[in-house]
Amino acid sequence: MTESRAARFRPLPLLSAGHACVDVYQGAVAALVPFFVAERAYSYAAASGVVLAASLLSSVVQPLFGVLADRRPVPWLLPVSTLTAGAGVALAGVCGSYALTLAAVALSGAGVAAYHPEAARVARRASAGSHTAMGWFSLGGNLGFATAPPLVAAVAATGGLRASPLLVLPALAGAGLCAAALRSLRPYAPDTPAGDAGDAGDGALGGRDDWASFARLTGAVVCRSVVFVGLSAFVPLYVAGRTPGGTAAGTAALCVLYLGGAAGTVAGGRLASRFGRLPVVRWSYALSGPAVAGVVFVPGPPLFLFVALTSAGLYVPFSLHLTLGQDYLPRHVGTAGGVTLGLAVSAGGLAGPLIGALADATSLTVALTPLIALPAVGLVLLGPLREPGGSPHR
Numbered sequence: 002m003t004e005s006r007a008a009r010f011r012p013l014p015l016l017s018a019g020h021a022c023v024d025v026y027q028g029a030v031a032a033l034v035p036f037f038v039a040e041r042a043y044s045y046a047a048a049s050g051v052v053l054a055a056s057l058l059s060s061v062v063q064p065l066f067g068v069l070a071d072r073r074p075v076p077w078l079l080p081v082s083t084l085t086a087g088a089g090v091a092l093a094g095v096c097g098s099y100a101l102t103l104a105a106v107a108l109s110g111a112g113v114a115a116y117h118p119e120a121a122r123v124a125r126r127a128s129a130g131s132h133t134a135m136g137w138f139s140l141g142g143n144l145g146f147a148t149a150p151p152l153v154a155a156v157a158a159t160g161g162l163r164a165s166p167l168l169v170l171p172a173l174a175g176a177g178l179c180a181a182a183l184r185s186l187r188p189y190a191p192d193t194p195a196g197d198a199g200d201a202g203d204g205a206l207g208g209r210d211d212w213a214s215f216a217r218l219t220g221a222v223v224c225r226s227v228v229f230v231g232l233s234a235f236v237p238l239y240v241a242g243r244t245p246g247g248t249a250a251g252t253a254a255l256c257v258l259y260l261g262g263a264a265g266t267v268a269g270g271r272l273a274s275r276f277g278r279l280p281v282v283r284w285s286y287a288l289s290g291p292a293v294a295g296v297v298f299v300p301g302p303p304l305f306l307f308v309a310l311t312s313a314g315l316y317v318p319f320s321l322h323l324t325l326g327q328d329y330l331p332r333h334v335g336t337a338g339g340v341t342l343g344l345a346v347s348a349g350g351l352a353g354p355l356i357g358a359l360a361d362a363t364s365l366t367v368a369l370t371p372l373i374a375l376p377a378v379g380l381v382l383l384g385p386l387r388e389p390g391g392s393p394h395r
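If you read the sequence shown in this note's numbering, its first letter stands for residue 2, the second for the next number, and so on.
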């Protein structure tokens, strides 16, 4: 690797760490659900409404931020959106009414939505389009998810939901990391729109956008998202009722779901280098269905094994979704990043209230059972896809 190319990769650790700080707040909303149920007596439907509030605004505005990132660089959005995400979650625990709580988590969701498209564009420049390097960027977000449950539990132990303002601390650190990464990257990645033909940093630029393939990939990402967010919202409560250990066991299961994703993301990049991206993505979806069935139907401590397998199945393709999407849309990498990174989490929140309402009417087991079929639907959508034309990862 030449010195200039090595220098371009230097901002990636900072970007990855900043990504971790932002995605703490995606994981924190689900981690707060058991505490809302315990302290405020929220029903399953009301609790899932909190997850929906964080996801709905994010789902609506994320593509808009993607278009903005494609039209013109907005690097200053990285630290600002990080602080916004943290402020919303910090306020959620001290808002007195349900409506204000929803508004606070919606603010956090907007911050998360604003962050991901621009961050994906900047990371792609720093990584020169390498899916292995982008895997490390995605790993940061996975670690942020994994950190959220113990962090929320530790903060709640100091004073319940009233201590939630302490949760702003990762946002302060993340804003500093993002600013440092942008300063480090500036000499090697000039601020030009991601779609400019002269952008030498993006390996796939100059090709045609393949919207049909991107649409199929997006459908699979939505299926994955519904499974992931549905489990994130209800696994703590579900595991607490089916294993010894109560709330602590539920928090541990959520941590396994998120932490297994860190290993899965790293494994995804390595496996893709050997076998190709699309085969690895398809294998992951094929694994996810049986693993989710184990989570739903296997009682007792073995349930944790199936949570870990589910995490692997859902997270191995995580960074590969991103690089495939950007290679299918080489002239709209901001939009591709906003959809594959952001929609991967936010879209599933739209199904949360349906799962919660079904759980209130029947049981959590019945409500979670439909999630078993969704990886198979995603696998069908992925079937006809081929490696993007002109991709350096073929």
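We put the CB at the ideal spot given by N, CA and C, even for glycine.
Residue i: which of the options sits nearest, CA to CA?
i	options	result
L279	L15, H322, S185 and L140	H322
Y239	L15, P14, V38 and L16	V38
A54	V230, A154 and A374	V230
A181	P12, L365, P354 and G265	P12
L144	L260, P64, A115 and A86	L260
Y329	A294, V293 and T219	T219
Q27	V299, R387, T341 and S233	S233
A352	A114, L258, T366 and V223	V223
G247	S109, A294, G301 and A309	G301
G295	A268, T311 and V282	T311
V267	D24, A111 and L315	L315
A104	V367, V30 and D71	V30
A115	G67, R283 and S128	G67
P74	L183, G136 and L170	L183
G350	T244, F305, G110 and V282	G110
C22	Q63, A42, A47 and T85	T85
L380	A91, A253 and R225	R225
V81	A100, P64, G112 and V62	G112
W212	G326, F307, I356 and A309	G326
T102	V378, S128 and F36	F36
G87	L372, L140 and D24	D24
For residue i, count the other beta carbons within 10 Å of its own beta carbon; 16 or more makes it buried, fewer makes it exposed. Which is it?
i	result
R275	exposed
F138	buried
P385	exposed
L33	buried
S285	buried
T159	exposed
G265	buried
V236	buried
R1	Residue 1 lies beyond the residue range present for the chain, which begins at 2 and ends at 395; the question has no answer from this structure.
V481	This structure cannot speak to residue 481, because the chain is shown only from 2 to 395.
T148	buried
R387	exposed
T363	exposed
G50	buried
A253	buried
P389	buried
A157	buried
S214	buried
With DSSP collapsed to three states, give me the class of residue i.
i	result
A352	coil
R271	helix
W1	What the structure shows of the chain is the stretch from 2 to 395, and residue 1 is not part of that stretch, so it cannot be assessed.
Y329	helix
E119	helix
D210	coil
Y43	coil
R387	coil
A374	coil
D200	Legend: pLDDT at D200 = 39, less than 50; position of this residue unreliable, value from coordinates given subsequently. The answer is coil: DSSP assigns D200 none of H, G, I, E or B.
W77	coil
P22	The question names Pro, but residue 22 is Cys in the sequence shown. The answer is helix: DSSP assigns C22 an H, G or I state.
C96	coil
V299	coil
G220	helix
G246	coil
P156	Note that residue 156 is Val in the sequence shown, not Pro. Here V156 sits in helix by DSSP.
P237	helix
S1	The structure shown does not extend to residue 1, since the chain is modelled only from 2 through 395, so no value can be given for it.
P171	helix
L364	First, the amino acid is wrong: residue 364 is Ser here, not Leu. Correct three-state label for S364: coil.
V317	coil
V277	The question names Val, yet the displayed sequence has Gly at residue 277. In the structure shown, G277 sits in coil (DSSP, three-state: anything other than H, G, I, E or B).
Report whether the distance from the Cβ of residue i to the nearest heavy atom of the ligand FMN is below 7 Å.
i	result
A46	With respect to the ligand FMN, the structure shown offers nothing to examine, as it has no ligands at all.
Residue i CB to nearest chain C CB: under 8 Å?
i	result
F37	Protein chains in the displayed structure number just one, and chain C is not present.
Cβ contact (3+ pairs, closer than 8 Å) linking the region 11-27 and the region 108-128: yes
Within the chosen definition, does the region 56-63 reach the region 160-176 through at least 3 CB pairs nearer than 8 Å? Contact fails: fewer than three Cβ-Cβ distances are below 8 Å.
Contact between the region 92-104 and the region 161-172 is defined here as three or more beta-carbon pairs at a separation below 8 Å; is this criterion met? Contact holds: three or more Cβ-Cβ distances are below 8 Å.
With three or more beta-carbon pairs closer than 8 Å as the criterion, would you say the region 330-340 touches the region 102-122? Result yes; three or more Cβ-Cβ pairs closer than 8 Å.
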